[in-house]
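Taking our numbering, I'd label the letters of the sequence shown as residues 1283 to 1459.
Virtual Cβ for every residue (Gly too), placed ideally from N, Cα, C.
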Amino acid sequence: NYASKYPELFLTYKKGVKALGSDVNFDFVQVRVEDEMSFGLVGKSNYAVAGGAFLNDDALTFVDFKHFAGNQTSLSQVGKTMKFELLPFYQFSTTKPFFEAHYEHHFNEFIFNKIPLVKKLNLQAVASANYLTNETIGNYVEVGAGIEHIFKFMRVDYYWAFRNRDFFGSGLSSDEW
1283 NYASKYPELF LTYKKGVKAL GSDVNFDFVQ VRVEDEMSFG LVGKSNYAVA
1333 GGAFLNDDAL TFVDFKHFAG NQTSLSQVGK TMKFELLPFY QFSTTKPFFE
1383 AHYEHHFNEF IFNKIPLVKK LNLQAVASAN YLTNETIGNY VEVGAGIEHI
1433 FKFMRVDYYW AFRNRDFFGS GLSSDEW
């Protein structure tokens, strides 16, 4: 695989076929775009945006709904861009059209490199934001701030979540590389 200077585009199509004893009948389509951008000394960012809908939802089960990558533990989903840190696992699963966006900026050593003694720890700051909208949840936003490369392998973030402008929750999230 060769890196590209262009964003990656993914198109997903799922068809539920009524055959072999199955009662499902649906068509689902999703478009997703992901990219990583470098800002030199200030760090690098990754983003991912996706939108999708059921074109036909004549017969489907809860398993077939669109489920979002939520999290109800204090452990993060390492290396995954399309994730929410405070969203309950299945509470907002849907058959309605949706749009989600995820953004994460790694400041590398840009911030902590300015602080004497802390500079020697090689800590790196991270800021992130996640957004989801659909008929089921309305508007859901998460914002987070964190520190990575703690002991060279650990990351800790704190997130705040808002649903339709109301506070939804907050919490600590961590992962190990």
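In the structure shown, Phe1344 adopts helical secondary structure according to DSSP, grouped into three states. Judged by DSSP in its simplified three-state form, Gly1426 adopts strand. In this model, Ser1327 and Ser1375 are separated by some 28 Å (Cα to Cα). Between Ala1443 and Ala1427, the C-beta gap is not smaller than 8 Å, which leaves the two residues out of contact. With contacts defined by Cβ atoms closer than 8 Å, Glu1424 and Ala1407 do not form a contacting pair.
Approximately 6 Å separates the beta-carbon atoms of Arg1437 and Ser1456; this is inside 8 Å, confirming the contact. When DSSP states are grouped into helix, strand and coil, Lys1396 belongs to the helix group. Contact between the segment 1337 to 1350 and the segment 1393 to 1406 is absent, with fewer than three C-beta pairs closer than 8 Å. DSSP places Val1313 in the strand class (E or B) of the three-state scheme. Within 10 angstroms of the beta-carbon of Asn1446 lie fewer than 16 other beta-carbons, which makes it exposed. For Phe1444, the uninterrupted beta strand (DSSP E) segment begins and ends at Met1436 to Arg1445. Excluding five sequence positions before and after Val1306, the CB atoms of its chain that fall closer than 8 Å to its own CB belong to Gly1298, Val1299, Lys1300, Ala1341, Leu1342, Thr1343 and Asp1346, given in chain order. Less than 8 Å separates the beta-carbon of Val1313 from that of Ala1332.
Taking 8 Å as the cut-off, the beta carbon of Asp1339 is found closer than this to the beta carbon of Thr1377.
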